[in-house]
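Last residue of the sequence shown? That's 1150 in our numbering, and every number before it is there in order.
Below you'll find the structure, written out as structure tokens, and then a few comments.
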Amino acid sequence: MEQVPIIKLRQVSKTYDIGGRKVLDRVDLDIYPGEFFVMLGKSGSGKSTLLNLISGIDQPDDDQAQIIIDETDITTLNDTQLTLFRRDHIGIIFQFFNLIPTLTVMENVTLPLELNGMKRKASEKIGQQLLDRVGLGNRSKDFPDKLSGGEQQRVAIARALAHSPKIILADEPTGNLDEDTSQTVLTLLLELTRDSGKTLIMATHNPEVVPLADRVCRIHEGHLQVTRQSPVAKISEIFTLMK
Ligand SMILES: Nc1ncnc2c1ncn2[C@@H]1O[C@H](COP(=O)(O)OP(=O)(O)O)[C@@H](O)[C@H]1O
Ligand SMILES: [Mg+2]
908 MEQVPIIKLR QVSKTYDIGG RKVLDRVDLD IYPGEFFVML GKSGSGKSTL
958 LNLISGIDQP DDDQAQIIID ETDITTLNDT QLTLFRRDHI GIIFQFFNLI
1008 PTLTVMENVT LPLELNGMKR KASEKIGQQL LDRVGLGNRS KDFPDKLSGG
1058 EQQRVAIARA LAHSPKIILA DEPTGNLDED TSQTVLTLLL ELTRDSGKTL
1108 IMATHNPEVV PLADRVCRIH EGHLQVTRQS PVAKISEIFT LMK
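Okay, structure coming up:
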């Protein structure tokens, strides 16, 4: 049975005013539900640009471009609609964690739920489950500066998952972590997304991710070169591989 893509990019180009180079040149791309899609490519090749277009943080150059997510062309949404769309569909994980320093760990994780209007008691229940899941159930009252980099990124993963988005975008999520911590964070992120059939799109320099991906794309001079990986190993095999 033919699967329907959850994300569809058509004729997406991006040029920045400064520099004037086409970072992305009429890109077409389909991403399928539950896929783990990895973007490799030199620094400056356009990985973050592509992720920012998918999240609606950035806009394509021209009007013909389409970015269809879950049947909505997000290029037609205004800023408010985009914010609401993102809060419903997308969770984002950044290289530098981007936790809010004046909020506790729990408040950081429950923020997306509170923004969506959930009552505190209900949001904290979900927050606690997620913090337990990332191994930080006993750190909910701490502020982010009391946590190591790896711990902060685990909180950021919990935050990205809190509102149960179907799509997770991760921009070099292990780029600021040492090798061991990277492994832990990566394993956790894969477990939490694979378990629930989420679509994960990750930009990374970490070559260890490649064998775990369903497809890998390299961005070169504005164009995507997509390669399909061998059929996805069973989840248990993946985690054995990673140990
Ligand atoms: N806001 C911006 N203004 C001007 N140029 C930008 C902006 N964001 C990115 N660029 C340029 O676009 C290119 C791609 O950047 P980026 O997508 O961040 O690459 P990557 O994430 O692969 O390192 C780079 O040449 C970068 O300098
Ligand atoms: Mg980048």
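Cβ coordinates follow ideal geometry from the N, Cα and C atoms, glycine included.
Item checked: Cutoff 6 Å; reference Ile964; Cβ partners in own chain excluding five residues on either side -> The residue given as residue 964 occupies position 57 in the sequence shown. Excluding sequence positions up to five before and after Ile964, its CB lies less than 6 Å from no other CB in the same chain.
Next item on the list: Could you tell me whether the Cβ atoms of Glu1086 and Gln1002 are closer together than 8 Å?
Entry: Within the sequence shown, numbered from 1, the residue matching residue 1086 stands at position 179. Within the sequence shown, numbered from 1, the residue matching residue 1002 stands at position 95. Result no, Cβ atoms of Glu1086 and Gln1002 do not sit closer than 8 Å.
Notebook entry, point to check: By Cβ distance, which residues of its chain are closer than 7 Å to Tyr939, with the 5 residues on each side in sequence left out?
Noted result: The residue you call residue 939 lines up with position 32 of the sequence shown. Contacts found: Gln910, Pro912 and Ile913.
Note to self: Using the three-state DSSP reduction, which class does Val1139 fall into: helix, strand or coil?
What the structure shows: In the sequence shown, residue 1139 corresponds to position 232, counting from 1. Note that Val1139 scores a pLDDT of 49, beneath 50, so its modelled location is shaky; the value from the coordinates is reported in the next line. Coil.
Item checked: Limits of the alpha helix (DSSP H) - the one that Asp986 falls within -> Start at 1 with the first residue of the sequence shown, and residue 986 comes out as number 79. Looking at the DSSP string, the run of the alpha helix (DSSP H) that includes Asp986 is Asp986 to His996.
Margin query: DSSP three-state label for Ile964, please.
Written below: Residue mapping note: residue 964 aligns to position 57 of the sequence shown, counting from 1. Three-state result, Ile964: coil.
Next item on the list: Please list, in chain order, all residues with a C-beta atom less than 5 Å from at least one heavy atom of ligand 1.
Entry: After applying the 5 Å Cβ criterion, the set is Tyr923, Ile925, Val930, Ser950, Gly951, Ser952, Gly953, Lys954, Ser955 and Thr956.
Item checked: Rounded straight-line distance, which links the Cα of Lys1048 to that of Leu1131 -> Taking the first residue of the sequence shown as position 1, residue 1131 is located at position 224. Taking the first residue of the sequence shown as position 1, residue 1048 is located at position 141. Between Leu1131 and Lys1048, the C-alpha separation is close to 43 Å.
Check: Going by beta carbon distance, what residues of the same chain come within less than 6 Å of Arg933, once the five residues before and after it are set aside?
Finding: Along the sequence shown, read from residue 1 onward, the residue named residue 933 stands at position 26. Cβ within range, chain order: Gln918 and Ser920.
Next item on the list: Give the secondary structure of Leu1010 by DSSP, where H, G and I count as helix, E and B as strand, and everything else as coil.
Entry: The residue labelled residue 1010 in the question sits at position 103 within the sequence shown. Coil at Leu1010, not helix or strand.
Item checked: Span of the beta strand (DSSP E), counted from its first residue to its last, around Ala1110 -> Here residue 1110 refers to the residue found at position 203 when the sequence shown is read from its first residue. It spans Thr1106 to Ala1110 - the beta strand (DSSP E) in which Ala1110 sits, taken as one unbroken run.
Check: Got a sec, what are the start and stop residues for the beta strand (DSSP E) Lys929 sits in?
Finding: Counting from one through the sequence shown, the residue named residue 929 turns up at place 22. Where Lys929 is concerned, the enclosing beta strand (DSSP E) stretches over Lys929 to Ile938.
Notebook entry, point to check: Excluding five sequence neighbours on each side, which residues of the same chain lie with their C-beta closer than 7 Å to the C-beta of Asn1083?
Noted result: By one-based count along the sequence shown, residue 1083 stands at place 176. Cβ within range, chain order: Gln1002, Phe1003 and Gly1056.
Notebook entry, point to check: What residue range is occupied by the uninterrupted alpha helix (DSSP H) comprising Val1062?
Noted result: Taking the first residue of the sequence shown as position 1, residue 1062 is located at position 155. That run of the alpha helix (DSSP H) goes Gly1056 to Leu1068.
Notebook entry, point to check: Of all the options Thr956, Glu1098 and Leu991, which has the alpha carbon lying nearest to the alpha carbon of Arg928?
Noted result: As a first step, residue 928 is located in the sequence shown; it is residue number 21 there, counting from the start. Cα-wise, what sits closest to Arg928 is Thr956.
Item checked: Cβ-heavy atom distance, Glu1021 to ligand 2, below 7 Å -> In the sequence shown, the residue the question calls residue 1021 occupies position 114. Outside the cutoff, so no.
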